[in-house]
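Participant: Handing you a structure now.
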Amino acid sequence: MTLRKSILAQLGLMILSVVYSVVYSAILPDRVPTHWNIHGQVDGYGSKWLPLLMGPCLVAMVLVFTLILPALSPKGFRMDRFGRTYAYVFLLCSVLMAALHALIVQGAAGSSIAINQALLAVVFLFFALFGNVMGKVKRNFYVGVRTPWTLASEDVWDATHKSAARLWFWGGLVGVLLAIVGTPLAIMIALLLGMAFWPVAESYMIYRRMEGGA
Numbered sequence: 506m507t508l509r510k511s512i513l514a515q516l517g518l519m520i521l522s523v524v525y526s527v528v529y530s531a532i533l534p535d536r537v538p539t540h541w542n543i544h545g546q547v548d549g550y551g552s553k554w555l556p557l558l559m560g561p562c563l564v565a566m567v568l569v570f571t572l573i574l575p576a577l578s579p580k581g582f583r584m585d586r587f588g589r590t591y592a593y594v595f596l597l598c599s600v601l602m603a604a605l606h607a608l609i610v611q612g613a614a615g616s617s618i619a620i621n622q623a624l625l626a627v628v629f630l631f632f633a634l635f636g637n638v639m640g641k642v643k644r645n646f647y648v649g650v651r652t653p654w655t656l657a658s659e660d661v662w663d664a665t666h667k668s669a670a671r672l673w674f675w676g677g678l679v680g681v682l683l684a685i686v687g688t689p690l691a692i693m694i695a696l697l698l699g700m701a702f703w704p705v706a707e708s709y710m711i712y713r714r715m716e717g718g719a
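Rendered as structure tokens:
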């Protein structure tokens, strides 16, 4: 995917999110559910404008980052080394924001969906799709597993991301299935945290093995 196509698609998502919010602004009451506990029960209320504005703003923020980060990257860490993957990943981030927005608004509207499980299913799917291309992400300051050890060595970066790609892809698919079958929320959150933090620890171990002589 080219950067231009990614930007155009993100603009489309932002417009759709705005239209979605405008439609629901006439439907939602002034105060709506804004938070759900671990059992999926509503435990917080707020203005309807919080969920309505959040999605479009987040999609717009991702779009701005898509545009400016390549210009901010120093030499040796340029985004054009993996330009198509960069464009895809940031479109994926915009899709994630738009999908979360749609689900949160549905929850605020009183939909019967299990909001917590639906949100986690979307996040796990994001991990799986990101993991599918993560091995193509080259060393940079903004995308991927950015630790002192991966940034210090191209070899450590590549090895860490190849391993994390497998973890995120398969872990993400497992997480989606767990959400579909109604697995307890604590188990899914534990899996998600493990997927997020294991590559950080592994990057240090890979660095020690490859660079530290251990």
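Heads up: the sequence shown is residues 506 to 719, going by the numbering used here. Beta carbons are placed, not taken as given, at the ideal position from N, Cα and C, and that holds for glycine.
Helix, strand or coil for Y550 per DSSP?
Facilitator: The residue given as residue 550 occupies position 45 in the sequence shown. Strand at Y550.
Participant: With DSSP as the reference, label R536 as helix, strand or coil.
Facilitator: Position 31 of the sequence shown holds residue 536. DSSP places R536 in strand when its eight states are reduced to three.
Participant: Leaving out five residues on either side along the sequence, give the residues of the same chain with a beta carbon under 8 angstroms from the beta carbon of A604.
Facilitator: Counted from its first residue, the sequence shown places residue 604 at position 99. So the list reads V627, once near-sequence residues are dropped.
Participant: Could you check which residue in S578, A691 and L696 has the C-alpha nearest to that of R674?
Facilitator: Translated into positions along the sequence shown, residue 674 becomes position 169. In the sequence under discussion, the amino acid at residue 674 is Phe, which differs from the Arg named in the question. Looking at the Cα atoms, L696 is the closest of the given residues.
Participant: For S522, count the other beta carbons within 10 Å of its own beta carbon; 16 or more makes it buried, fewer makes it exposed. Which is it?
Facilitator: Reading the sequence shown from its first residue, position 17 is the one you call residue 522. Counting Cβ neighbours within 10 Å, S522 comes out buried, since at least 16 surround it.
Participant: Quick check on the DSSP output: what are the complete beta strand (DSSP E) runs of length 3 or more inside the stretch 630 to 673, in order along the chain?
Facilitator: With a minimum length of 3 residues, no continuous beta strand (DSSP E) run stays inside the stretch 630 to 673.
Participant: Taking the alpha carbon of L508 as the point to measure from, which residue in P689, Y591, V648 and V600 has its own alpha carbon closest?
Facilitator: Counted from its first residue, the sequence shown places residue 508 at position 3. Checking every option, the nearest Cα to that of L508 belongs to Y591.
Participant: How is L521 classed by DSSP in three states: helix, strand or coil?
Facilitator: Position 16 of the sequence shown, counted from the start, is the residue given in the question as residue 521. Reduced to three states, the DSSP call for L521 is helix.
Participant: Which residues in the same chain as A670 place their Cβ atom closer than 6 angstroms to its Cβ, once the five residues preceding and following it in sequence are excluded?
Facilitator: In the sequence shown, counting from the first residue as 1, residue 670 sits at position 165. Closer than 6 angstroms at the Cβ level, and outside the excluded window around A670, lie G636, M639 and G640.
Participant: For I532 and P689, I'd like the C-alpha separation in whole angstroms.
Facilitator: Position 27 of the sequence shown, counted from the start, is the residue given in the question as residue 532. Position 184 of the sequence shown, counted from the start, is the residue given in the question as residue 689. Using only the alpha carbons, I get a separation of about 32 angstroms.
Participant: Out of H606, P538 and L568, point me to the one whose CA is closest to G551's CA.
Facilitator: Working through the sequence shown from its first residue, we reach residue 551 at position 46. If we check each option's Cα against that of G551, P538 comes out closest.
Participant: For A514, which of A565, Y529, Q622 and T655 has the nearest alpha-carbon?
Facilitator: The residue you call residue 514 lines up with position 9 of the sequence shown. The option with the nearest alpha carbon to A514 is A565.
Participant: Any heavy atom of the ligand PLP closer than 6 angstroms to the beta-carbon of Q611?
Facilitator: Among the components of this structure there are no ligands whatsoever, and the ligand PLP is therefore not found.
Participant: Could you give the distance in angstroms between the alpha-carbon of Y647 and the alpha-carbon of L625?
Facilitator: Numbered from its first residue, the sequence shown carries residue 647 at position 142. Numbered from its first residue, the sequence shown carries residue 625 at position 120. Going by the C-alpha atoms only, they are around 24 angstroms apart.
Participant: Starting from E707, trace the alpha helix (DSSP H) both ways and give me its first and last residue.
Facilitator: In the sequence shown, the residue the question calls residue 707 occupies position 202. That run of the alpha helix (DSSP H) goes L690 to M715.
Participant: Cβ of F629 within 7 angstroms of Cβ of V705?
Facilitator: To locate residue 629, count along the sequence shown from 1; it is residue 124. To locate residue 705, count along the sequence shown from 1; it is residue 200. For F629 and V705, no; Cβs fall outside 7 angstroms.
Participant: Tell me whether M602 sits in a helix, a strand or coil according to DSSP, three-state version.
Facilitator: The count along the sequence shown starts at 1 and reaches residue 602 at position 97. If DSSP states are grouped into helix, strand and coil, M602 belongs with the helices.
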